[in-house]
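Numbering (this note's numbering), first residue to last: 125 to 205.
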């Protein structure tokens, strides 16, 4: 079975039901979610998403909270304010 995903990649599964702008945003979120992130404690790129907003480092077993799709953590200057 051939799926038409040459231009849109994995989001071709939606077909014409979803508009181009929404597919572009979803593609960006999927790409960021699949990328490796750096651990805040050991600085290695072995962080994996456990659940929505919960991240765990495979190397040092450090579990922390971050963004839903990206393991972003606030900088100290923002937390102090």
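Just so you know, even glycine gets a beta-carbon here, dropped at the ideal spot from N, CA and C. Please read all numbers here as calculations on a predicted model, not as lab measurements.
Continuous alpha helix (DSSP H) stretch holding residue i: start and end
| i | result |
| --- | --- |
| residue 185 | Unbroken run through residue 185: none, as it is neither H nor E. |
| residue 141 | Neither: residue 141 is in no alpha helix (DSSP H) and is coded neither H nor E. |
Nearest-angstrom Cα separation, counted from residue j out to residue i
| i | j | result |
| --- | --- | --- |
| residue 184 | residue 149 | 32 Å |
| residue 202 | residue 164 | Low confidence applies to residue 202: its pLDDT is 41, below 50, so where it sits in the model is not reliable enough to give any reading. |
| residue 135 | residue 151 | 7 Å |
| residue 186 | residue 144 | 38 Å |
| residue 138 | residue 158 | 19 Å |
| residue 188 | residue 153 | 20 Å |
Identity of the residue in the options nearest residue i by Cα
| i | options | result |
| --- | --- | --- |
| residue 194 | 136, 187 and 155 | 155 |
| residue 196 | 168, 186 and 162 | 162 |
| residue 169 | 132, 180 and 146 | 180 |
Beta strand (DSSP E) segment containing residue i, residue limits
| i | result |
| --- | --- |
| residue 176 | Neither: residue 176 is in no beta strand (DSSP E) and is coded neither H nor E. |
Residues bridged to residue i [DSSP beta-bridge criterion]
| i | result |
| --- | --- |
| residue 132 | In DSSP, residue 132 forms no bridge with anything. |
| residue 161 | 171 |
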